[in-house]
Amino acid sequence: MLKWLNRLFLFGLFLALSGIVAVFGLYQQIKPELPDVSALKDIRLETPMRIFSQDGELISQYGEQRRYPLTVAQMPPLLIDAFLATEDDRFYEHPGIDPIGISRAAFVWLSTGEKRQGASTITQQVARNFFLTREKTVIRKIKEIFIALHIESLLDKDEILELYLNKIPLGHRSHGVGAAAQVYYGKEVGDLTLAEMAMIAGLPKGPSIFNPISNPRRAAERRAIVLGRMLDTGKITRTQYDEAMAAPVAARYHGAEITLTAPYLAEMAHQFALSMFGKEAYTRGLSVYTTVQSDEQNAANTALVEGLLAYDLRHGYRGPTASLWQNSPWDREQIEQHLEQQPSYWPLEPAVVTAVAERSATLIIKNRGEVQLGWDGIKWARRYLSDKRQGHALRQAKEALSPGDQIWVRPQGEHWMLAQLPEVNGALVALEPSSGAVTALVGGFNFTLNKFNRAQQAERQMGSNIKPFIYSAALDSGFTLASLINDAPINHWDAGSGNAWKPRNSPNVYDGPIRIREALARSKNVVSIRLLRDTGIPVAMQRLNAFGFDTANISATESLALGSPSATPLQMATGYAALANGGARVTPFVVQRIEDAQGTLLYEAKPRRVPVISAENAFLVSQALNSAILGGTSNGRRWNGTGWRAGRALQRQDIAGKTGTTNDSRDAWFSGFTPDRVATAWVGFDDFGRPLGRTAHNPNLGADQTAGGEFGGSTALPIWVSYMKVALKDYPEQARPVPEHLVTATIDTGSGLLSHGEGMTEYFIEGTEPRRYGRPESRQQFGGTSITDELF
């Protein structure tokens, strides 16, 4: 008997040694194919690019995979327990492989011939996720075992667990527990409930099969298994188990946790990062910090949207977006299901009219339930006939609304107002004039509706916004703010075309000899043309180019004095920035800095300034534009500048600005600045040929929104003002420093010459001040002296 036992022992020893030799031989055979696992020491997890405001608000996120890497210390212990109980309850005890699990997998394969994966350890899953494919072959399994053993010799258990919990795919493009918590519950991992942790811990076995969004029943079954294992291993109590089991499956898809709306600017920052880092920008975990502040961007968003909706309000109601029924009303469930499928475009929400009374209507609003729409929210809705005509004022709600109408509404305080998606569009862009940093940018009414960035890409005729640059050239050609130019009609015969060119002021009023300061402030068209003639078109073209405008495609004709060239709102704001900062052209930029996932600085903006005009010239043009806001006096007569609404609304003395309106009111502009901010607002239709039209008298609208045309001073300026009210709140009013080579003289406002008695103080470049005295009555009068708003 002893003899047989010895033989059995020797045979077993032989088998063991043979196994060791076989494993060693197999290892030597596949060793060249094994990856270098030391790379895990410095692994860089693929994380998306995120774009932030200057003050850290998330604007957007780009990248296929969503991952928010966390350390083990940042993960709740119960979340770790949930994964360990489900995936590898002996993780902290085994050397990286589980012999029992491997034996079970081998037995299944030998007995059934099916190559099923056995109970892989977490270390094996790390090996597979980082280095191997998911194919189920024996050789892949053997490689997985060897790699797992290497990993265990290189990293400690917490490092392995951290890699696993940050790498594992958990559905809906989320990788790792940080991303899964956000995607399914919109939470940080530390805010998850036990039920939510168990749900996430159940996903590795099948992220699509057990997905709580697409398959809540199977997800609940899987969650029960996870909770049961946590209970069996003593990680939770019976009470905790019962409470978590009773919790509803409340997961729903959450996008990136956007905290600031600035999609047009985000796309500009995205393209900038892509140009610097290529496709790696999507995986390196870049943090791109833009130049905008959240409060200013929010103000810009509100200003433009409200301005476009106000335009729409002035031009009539185009009717419902759809009529859902005629005779057989839908029940509430049908209506709510229908509305759930409709998009929302802030601040507009879709709604369905269920009943109409004499001066009110009952609505069901998406996600808001049933509400009453009062007469104050309906009475504006005169019928739209054209951009120039509207129907009669409403007397009853049924003239605008019918049951079954699908409409748009927007909140007005505690009430709701009938609304519609505006067909008109616009842009607003603001800069820090000293550096060119973009402080706010909105490229249209809604990015989801139309991604065309009008602030950066819409080249529109400049209208009277061009005039400060024409005047700047004139001031360097011998003119002063006190120079008199004849504000009289022009009738220029063009022999080539056989027609007479008769440019007009708007309004069609002429004042005879007028000082340049007043002419620019009141935007006299014929004065601008006469200045261009005296200065010379080539000189004006050079000046436009110096301010940053592309003159390659500008026709060198006198019409450029009236704004026939085109520019984008961003180019316009950049040009005005040189006037605001003392004469230097800046290069606008939207990205302040870029950091990698570890916070290492990869890029930082270096603002560029190029002097293009003298500080004296910039000061003098700004003075005239300040008069466009504050007005002035000539011959004892008080006149308003074209931007008087800005002065009234902001109650500051340090504002300068200029309105602009093109032929037939196709474009409405306002550009203006203080020493701290420069901004341009533009309104127009994307269809270049469509005028903004006129509005009929409507007693329900304010004093600035009654009958008349749509012009820079009435359409674009209110948008600019709304933004500036917020942008300037932290910047006290300040007097502009007077450049060294400027002097002052008291002039007679009628002649522009020195005054014998009363007059006004005017600035002159040293050596250009008048030497003679004038008489007030020397000013000739051509036509009336209306102080009506400038409209062009």
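The opening residue of the sequence shown carries number 246 in our numbering; numbering runs sequentially from there.
Glycine residues also receive a C-beta, built at the ideal position from the N, C-alpha and C atoms.
With 16 other Cβ atoms within 10 Å as the buried cut-off, status of residue i
i: D756; result: buried
i: D899; result: buried
i: W965; result: buried
i: V855; result: exposed
i: L998; result: buried
i: R640; result: exposed
i: Y337; result: exposed
i: F834; result: buried
i: R778; result: exposed
i: Y429; result: buried
i: Y409; result: buried
i: H515; result: buried
i: R1017; result: exposed
i: Y486; result: buried
i: E278; result: The predicted position of E278 is uncertain, since its pLDDT is 49 and thus under 50; no value can be drawn from it.
i: T989; result: exposed
i: Q843; result: exposed
i: H560; result: buried
Best match in the options for proximity to residue i [C-alpha to C-alpha]
i: A797; options: L807, S811, A806, E803; result: S811
i: E581; options: L608, L558, G997, I1010; result: L608
i: K611; options: K624, Y590, A626; result: Y590
i: S773; options: I715, R939, G902; result: I715
i: P977; options: Q542, Q896, E861; result: Q896
i: R911; options: I503, S459, N670, Q542; result: N670
i: L720; options: M475, T1013, H395, I390; result: T1013
i: Q665; options: T907, G723, A672, R655; result: R655
i: Q979; options: Y1018, T919, G958; result: T919
i: L531; options: I413, D975, L847, R922; result: L847
i: P452; options: D540, G614, G421, R474; result: G421
i: I623; options: P574, P322, S605, H637; result: S605
i: T528; options: L663, Y307, G552, Y562; result: Y307
i: G658; options: S680, N691, L618; result: L618
i: G549; options: P1015, A961, D975, S1000; result: A small fix is needed here, since residue 549 is Leu in this sequence, not Gly. Considering only alpha carbons, the answer is A961.
i: A850; options: Q299, M294, R295; result: Q299
i: V754; options: R775, D732, W738; result: D732
Residue i versus residue j: straight-line alpha-carbon distance, rounded
i: V616; j: F297; result: 37 angstroms
i: D931; j: E840; result: 37 angstroms
i: G947; j: S996; result: Residue placement at G947 is poorly supported in this model, since its pLDDT is 32, which falls under 50; the coordinates still yield a value, given next. Approximately 39 angstroms, taken between the alpha carbons.
i: A791; j: N880; result: 36 angstroms
i: A492; j: K970; result: 48 angstroms
i: P713; j: T535; result: 30 angstroms
i: T1006; j: N546; result: 40 angstroms
i: Q274; j: D401; result: Bear in mind that the predicted position of Q274 carries a pLDDT of just 48, short of 50, making it too unreliable to give a figure here.
i: G479; j: I325; result: 14 angstroms
i: F455; j: G416; result: 9 angstroms
i: I735; j: E803; result: 12 angstroms
i: L448; j: I470; result: 12 angstroms
i: R628; j: G564; result: 8 angstroms
i: S726; j: L987; result: With the sequence shown as reference, residue 726 is identified as Leu, and Ser is not the correct amino acid for it. Distance between the alpha carbons of L726 and L987: 12 angstroms.
i: Q586; j: A496; result: 19 angstroms
i: S768; j: R749; result: 11 angstroms
i: I481; j: P344; result: 28 angstroms
i: T504; j: L510; result: 14 angstroms
i: E404; j: G473; result: 27 angstroms
i: W432; j: A501; result: Sequence inspection shows Lys at residue 432; the Trp mentioned does not correspond to that position. Rounded to the nearest angstrom, the two C-alpha atoms are 11 angstroms apart.
i: S751; j: N770; result: 8 angstroms
Rounded distance between the beta-carbons of residue j and residue i, thought under 8 angstroms
i: F794; j: V983; result: About 28 angstroms separates the two Cβ atoms, so there is no contact after all.
i: I387; j: V371; result: Their Cβ separation, rounded to whole angstroms, is 17 angstroms, which puts I387 and V371 out of contact at 8 angstroms.
i: A507; j: I304; result: 5 angstroms
i: A901; j: I874; result: 6 angstroms
i: L676; j: V494; result: The Cβ separation is near 49 angstroms, so there is no contact.
i: A489; j: L439; result: 4 angstroms
i: A700; j: A672; result: 4 angstroms
i: G827; j: A860; result: 5 angstroms
i: A972; j: T684; result: 7 angstroms
i: A327; j: A425; result: About 12 angstroms separates the two Cβ atoms, so there is no contact after all.
Task: At least three beta-carbon pairs within less than 8 angstroms, the region 588 to 600 to the region 634 to 650 - done: yes
Open item on the list: Assess contact between the region 329 to 339 and the region 562 to 580, defined as three or more Cβ pairs (one per stretch) separated by less than 8 angstroms. Is contact present?
Closed with: no
Open item on the list: Can you confirm whether the region 300 to 319 touches the region 450 to 467 when touching is taken to mean that 3 or more C-beta pairs between the two stretches lie within less than 8 angstroms?
Closed with: no
Open item on the list: Pairs of beta-carbons, one from the region 881 to 888 and one from the region 762 to 779, closer than 8 angstroms: are there three or more?
Closed with: yes
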